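A.B. asks: Following this message is one structure expressed as structure tokens.
Listed below in structure tokens is the structure:
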């Protein structure tokens with residue numbers, strides 16, 4: 004009879020509940036680090052890793068299905084590419100003659116530098132931070148998921 | 396405070412030796428992480444929180460990945476006998492590099508004295524003077540990373556992208572398939 008009971012995957016209910024509460028705060032902190040990267044310590048890379056950590060926490064406490072439900076592998080791969088492309092497009096737009104003429108010109112800050120110490124300042128730096136955060140968060144989540152799903156497969160298994 | 400730095404350095408060296416010499420894989424992983432956290436404390440001591448944030452999170456993530464992914468597979472460490480001739484050659488090479496490095500270390504600025512304080516026309520002085528005006532970003536480290544030296548960041552992002560592509564290509568559900576098999580869109 005005991006075998007009929009479907010045992011829940013992952014860790015104990017206490018760990019699961021606490022992790023599911025905390026993961027939201029981790030996500031918000033990561034997004035804060037990304038968005039305010041040009042004003043306070045932090046930036047796209049650090050914030051992106053923190054966002055990836057929220058999904059890693061979900062994988063560790065409740066199994067990989069819980070995390071993959073929210074971020075499927077295909078979506079993660081696409082977002083990875085979108086982040087890389089967005090960073091490249093930001094760089095290439097500066098190459099056009101009307102906006103500056105050199106690679107990685109900060110054309111937005113040249114036109115309107117914005118008020119210092121406000122969120123909307125720094126021109127392309129804010130956009131680049133968001134692009135890098137997208138890239139880093141999804142790619143590190145991909146690496147973690149791939150390595151956790153890895154298992155040794157023998158020749159005669161198929 | 397400089398003595399504290401020396402103690403930290405000693406701790407890191409001991410942790411590194413433990414990581415190499417121990418036979419327990421878990422202990423080796425934790426020792427490597429201890430070395431990383433020593434570097435992070437050194438960054439904080441030098442007042443570089445911008446640099447310290449990334450290693451903290453990456454260190455934790457790598458620790459989780461190493462414990463979760465490598466230890467479950469059941470790998471074992473093998474420590475073989477060291478080759479005496481190879482050891483001697485290594486020591487000789489290290490001695491030669493050390494002799495060459497002594498002259499280089501003479502030219503370096505003293506510990507805790509950045510180049511920009513002794514050289515008025517160093518690039519960092521230009522960044523500090525004009526960074527806020529030119530980029531509008533209050534955090535100068537981000538301004539350098541994503542505006543003045545954004546090309547470096549692009550290279551870094553490219554390396555990350557290429558490594559992820561390699562990982563996905565190697566680690567997937569079906570590593571090899573026969574030409575007759577249909578294309579599998581799922582990873």
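Residue numbers (my numbering), protein chains in the order written: chain A, 4 to 161; chain B, 396 to 582. The C-beta atom is built at its ideal place from N, Cα and C for all residues, glycine as well. Note that the structure is predicted; figures quoted are calculated from it, not measured.
In chain A, what lies closer than 8 Å to residue 527 (chain B) by C-beta?
C.D. replies: Against the second chain, residue 527 (chain B) aligns to sequence position 132. Result: 119.
A.B. asks: Does the stretch 135–144 of chain A come within contact of the stretch 79–96 of chain A, defined as at least 3 CB pairs closer than 8 Å?
C.D. replies: Yes, the stretch 135–144 of chain A touches the stretch 79–96 of chain A.
A.B. asks: Should the stretch 53–70 of chain A be regarded as contacting the stretch 20–33 of chain A, the criterion being three or more beta carbon pairs within less than 8 Å?
C.D. replies: Enough Cβ pairs lie closer than 8 Å, so yes.
A.B. asks: Closer than 8 Å, Cβ to Cβ, to anything on chain B: give me those residues from the stretch 97–112 of chain A, in chain order.
C.D. replies: Listed by position along the chain: 106, 107, 109 and 112.
A.B. asks: How should residue 454 (chain B) be labelled, buried or exposed, when 16 other C-beta atoms within 10 angstroms of its C-beta is the threshold for buried?
C.D. replies: Against the second chain, residue 454 (chain B) aligns to sequence position 59. Buried.
A.B. asks: Using 8 Å as the threshold, is the stretch 499–517 of chain B in touch with the stretch 479–486 of chain B, meaning 3 or more CB pairs across them?
C.D. replies: In short, these stretches do not touch, since the Cβ pair count stays below three.
A.B. asks: Can you list, in chain order, the residues of its chain whose CB lies under 8 Å from that of residue 533 (chain B), leaving out five sequence neighbours each side?
C.D. replies: Within the second chain, numbered from 1, the residue matching residue 533 (chain B) stands at position 138. Contacts found: 527.
A.B. asks: When we look at the beta-carbon of residue 115 (chain A) and count the other beta-carbons within 10 Å, is it buried (16 or more) or exposed?
C.D. replies: If you number the first chain from 1, residue 115 (chain A) lands on position 112. Exposed is the call here.
A.B. asks: Where does residue 6 (chain A) land, buried or exposed, given buried means 16+ other C-beta within 10 angstroms?
C.D. replies: Position 3 of the first chain, counted from the start, is the residue given in the question as residue 6 (chain A). Caution applies to residue 6 (chain A), whose pLDDT of 49 falls short of 50 and renders its modelled position unreliable; the value that the coordinates give is listed next. So residue 6 (chain A) ends up on the exposed side.
A.B. asks: Residue 48 (chain A) versus chain B: which residues are under 7 Å apart at the beta carbon?
C.D. replies: For this step, residue 48 (chain A) is matched to residue 45 along the first chain. Near residue 48 (chain A) (Cβ distances below 7 Å), the residues of chain B are 449.
A.B. asks: Compare the C-beta of residue 493 (chain B) with all C-beta atoms of chain A and state if any pair is closer than 8 Å.
C.D. replies: As a working mapping, residue 493 (chain B) is identified with position 98 in the second chain. For residue 493 (chain B), the answer is no, since every Cβ of chain A falls outside 8 Å of its Cβ.
A.B. asks: Compare the C-beta of residue 547 (chain B) with all C-beta atoms of chain A and state if any pair is closer than 8 Å.
C.D. replies: Along the second chain, one-based indexing puts residue 547 (chain B) at 152. Taking Cβ atoms only, chain A never reaches closer than 8 Å to residue 547 (chain B), which makes this a no.
A.B. asks: Which of the three DSSP states, helix, strand or coil, is assigned to residue 161 (chain A)?
C.D. replies: Position 158 of the first chain holds residue 161 (chain A). At residue 161 (chain A) the pLDDT is 49, less than 50, meaning the model places this residue with poor confidence; the figure from the coordinates comes in the next sentence. If DSSP states are grouped into helix, strand and coil, residue 161 (chain A) belongs with coil.
A.B. asks: Give me the Cβ distance between residue 538 (chain B) and residue 128 (chain A), rounded to the nearest whole Å; I'm assuming they're in contact under 8 Å.
C.D. replies: As a first step, residue 538 (chain B) must be located in the second chain, where it is residue number 143. As a first step, residue 128 (chain A) must be located in the first chain, where it is residue number 125. The Cβ separation is near 7 Å, so the contact holds.
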